[in-house]
Amino acid sequence: MQAADRGHTWWGIVLPFLALPAVVLGVLIIGLFLWAWSDDEDATRAGAAATVPCAEALAFGAAERPANARAHDCTVQRGIDTAYSAMLRMPREDVRDWLRATYPNAPKARTGGGSCEALCLDVTHENGLPGTAKAHVVQVRVEYENAETALVRFSAFTM
1 MQAADRGHTW WGIVLPFLAL PAVVLGVLII GLFLWAWSDD EDATRAGAAA
51 TVPCAEALAF GAAERPANAR AHDCTVQRGI DTAYSAMLRM PREDVRDWLR
101 ATYPNAPKAR TGGGSCEALC LDVTHENGLP GTAKAHVVQV RVEYENAETA
151 LVRFSAFTM
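Going left to right, the sequence shown walks through residues 1 to 159 as our numbering numbers them.
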């Protein structure tokens, strides 16, 4: 007796069409992982802090480095918002003059209390931040290291 022929199946035609979306999805997922873990020079896309020139960090908040100050540890962190920070070491007696010259329409810097070390200033566009600032808020925290030197923590960020 002869075995009956099993009829023609459509799997040979349908299977490639079913497999195509799975292959495309797999390639996209692998590509996404490779992109996320790539050694990119601009690591700030993941929210990591990156070193920037201090002039850039200060300019974001419409400020300039005083001639008698040493700036260091300047960073930017980008995500939904952008935040720049800088550290300045300068003569203690020059801090108030620099703040008044940089933000002439801002409220008077406050002293002590809460998170404020020796001197603090918070400036927004509503209370004296110059229109040239790309930041929405500038915060300055001053700590007197000794009788001559002040450590100024400068942050400028968007909200």
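Just so it is clear, CB atoms sit at the ideal spot from N, CA and C, and this is done for glycine as well.
Per-residue burial, residue i [other beta carbons within 10 Å of its own, 16 or more giving buried]
i      : result
Met90  : buried
Gly31  : exposed
Arg65  : buried
Val95  : buried
Phe17  : exposed
Val14  : exposed
Val123 : buried
Trp98  : buried
Thr149 : exposed
Ala86  : buried
Ala63  : buried
Residue i: first and last residue of the uninterrupted alpha helix (DSSP H) it sits in
i      : result
Glu143 : Note, Glu143: premise wrong, no alpha helix (DSSP H); beta strand (DSSP E) at Val137 to Tyr144.
Cα-Cα separation, residue i to residue j
i      : j      : result
Phe157 : Val52  : 15 Å
Arg78  : Arg153 : 19 Å
Pro130 : Leu151 : 24 Å
Ala133 : Gly61  : 5 Å
Thr44  : Ala83  : Note that Thr44 scores 46 on pLDDT, short of 50, meaning its location in the model is unreliable; the coordinates nonetheless yield the value given after this. If you take the alpha carbons of Thr44 and Ala83, they lie about 11 Å apart.
Ser155 : His136 : 11 Å
Glu41  : Thr9   : For Glu41, the predicted model reports a pLDDT of 49, less than 50, meaning its position is unreliable and no value from the coordinates is stated.
Pro113 : Glu56  : Here the sequence assigns Gly to residue 113, which means Pro is not the residue at that position. Cα to Cα, the separation comes out at about 30 Å.
Arg163 : Leu88  : What the structure shows of the chain is the stretch from 1 to 159, and residue 163 is not part of that stretch, so it cannot be assessed.
Leu20  : Leu34  : 21 Å
Glu145 : Asn127 : 29 Å
Ala22  : Ala59  : 49 Å
Met159 : Arg100 : 24 Å
Pro104 : Asp73  : 26 Å
Asp81  : Ala67  : 30 Å
Glu93  : Thr102 : 15 Å
Gly47  : Trp11  : 48 Å
DSSP bridge partner residues for residue i (one or two, in chain order)
i      : result
Met159 : Its beta-bridge partners do not exist; DSSP assigns none.
Arg78  : Thr82
Phe154 : Ala86 and Val140
Val123 : Val138
Pro91  : Thr149
Arg70  : Arg89
Thr177 : Outside the modelled stretch of the chain, which goes from 1 to 159, sits residue 177, for which no answer is possible.
Thr51  : Thr75
First through last residue of the beta strand (DSSP E) which encompasses residue i
i      : result
Thr111 : Counting along the chain, Thr111 falls outside any beta strand (DSSP E), and DSSP gives it neither H nor E.
Problem set entry | Sufficient close CB pairs (3 or more, under 8 Å) joining the segment 116-124 to the segment 132-141 | yes
Exercise. Do the segment 103-113 and the segment 70-84 touch if we need at least three Cβ pairs shorter than 8 Å?
Worked result: no
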